[in-house]
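First to last, the sequence lines map onto chains A and B. Numbered by the numbering used here, the letters in the first sequence go through residues 1280 to 1392 in order. Numbered by the numbering used here, the letters in the second sequence go through residues 27 to 138 in order. Think of the CB as a built atom: it goes at the ideal place given N, C-alpha and C, for glycine as much as any other residue. Since the model is a prediction, treat every value here as computed from it, not as a measurement.
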Amino acid sequence: DAGITQSPRHKVTETGTPVTLRCHQTENHRYMYWYRQDPGHGLRLIHYSYGVKDTDKGEVSDGYSVSRSKTEDFLLTLESATSSQTSVYFCAISDFGSGNTIYFGEGSWLTVV
Amino acid sequence: QKEVEQDPGPLSVPEGAIVSLNCTYSNSAFQYFMWYRQYSRKGPELLMYTYSSGNKEDGRFTAQVDKSSKYISLFIRDSQPSDSATYLCAMSANTGRRALTFGSGTRLQVQP
Chain A
1280 DAGITQSPRH KVTETGTPVT LRCHQTENHR YMYWYRQDPG HGLRLIHYSY
1330 GVKDTDKGEV SDGYSVSRSK TEDFLLTLES ATSSQTSVYF CAISDFGSGN
1380 TIYFGEGSWL TVV
Chain B
27 QKEVEQDPGP LSVPEGAIVS LNCTYSNSAF QYFMWYRQYS RKGPELLMYT
77 YSSGNKEDGR FTAQVDKSSK YISLFIRDSQ PSDSATYLCA MSANTGRRAL
127 TFGSGTRLQV QP
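This is how it looks when you write it as structure tokens:
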């Protein structure tokens, strides 16, 4: 298994509160990603990072921000959580040493009530 | 229209059957094609990886890519109950954003 740890694994929060999800990797991979997974939509890219302090938006970035101050950590922040952000969030990593393969963490289940 | 289309299923087959899973896509820039398997409440795990067109075989699994038709397939031979999972196709281009675009996944149930 790729060395990816997501925290928290489960969280229930109230509408309007800020939430931060953490992704920690031990593989020293350059690229890190945050995806969300919803029924009927599959996995959709929220934000990604191609190096320390280098980040860019994905297709569903509204309402989310990210930060990467160290190679091993990639944080996803919901500035003011809404019910539409109830989802499963997956962190992923890649070094593109073996093509464009990406390895996923175990997921963080977030419920906004 | 989604960039990658995948039949959501569910697909139910008897143990030992040959399973065919498929995706179509619209972006001709896609060069890398992958299949992920995802068990319930788990993260996706990489199953097969193919670059450009052609076939690739790994044990009971065969991945096919037909770029001229923008169509990819995953075949599972001698399917087992342990193959019951959701199968996600994914693909990416060689340049630009190094991220995968996923299909919505096909749920497979192999009946013992």
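- In this chain, E1385 (chain A) is not harboured by any beta strand (DSSP E), its DSSP state being neither H nor E.
- For V91 (chain B) against S105 (chain B), the beta-carbon gap comes to about 21 Å, at or over 8 Å, which does not count as contact.
- Judged by DSSP in its simplified three-state form, Q27 (chain B) adopts coil rather than helix or strand.
- The Cβ of L134 (chain B) sits no closer than 7 Å to any Cβ of chain A.
- Y1382 (chain A) counts as buried, since no fewer than 16 other beta carbons sit within 10 angstroms of its beta carbon.
- Secondary structure remark: continuous beta strand (DSSP E) runs of at least 3 residues inside the region 1295-1352 of chain A, in chain order: 1298-1304, 1310-1317, 1321-1330, 1333-1336 and 1343-1349.
- In this structure, L1324 (chain A) lies near Y1314 (chain A), with their beta-carbon atoms less than 7 Å apart.
- Using a Cβ distance threshold of 7 Å, M60 (chain B) and A116 (chain B) count as a contacting pair.
- Nearest in C-alpha terms to E1306 (chain A), of all of A:H1289, A:Q1364, A:K1290 and A:K1349, is A:K1349.
- By the rule that beta-carbons nearer than 7 Å mark a contact, F1369 (chain A) touches chain B.
- From the listed residues A:T1296, A:L1355, A:S1362 and A:E1351, the smallest Cα separation to Q1304 (chain A) is found for A:E1351.
- Nearest Cα to Y75 (chain B) within the set B:N53, B:R67 and B:F87: B:F87.
- Neighbourhood of G1384 (chain A) in chain B, by CB distance below 8 Å: G69, in chain order.
- By the neighbour-count criterion, in which a residue is buried when 16 or more other Cβ atoms sit within 10 angstroms of its Cβ, T1294 (chain A) is exposed.
- At a cut-off of 7 Å between C-beta atoms, F56 (chain B) does not count as an interface residue with respect to chain A.
- In the three-state DSSP reduction, Q106 (chain B) falls in the coil class, being neither helix nor strand.
- A Cβ-Cβ distance of about 12 Å is found for the pair L47 (chain B) and Y97 (chain B), leaving them out of contact under the 8 Å criterion.
- Minimum Cα-Cα distance from G42 (chain B) among the listed residues B:D84, B:I102 and B:K93 corresponds to B:I102.
- Under the three-state reduction of DSSP, S1362 (chain A) is assigned to helix.
- Here the alpha carbons of Y65 (chain B) and Q137 (chain B) stand approximately 16 Å from one another.
- Counting along the chain, the unbroken beta strand (DSSP E) around G80 (chain B) starts and ends at G80 to D84.
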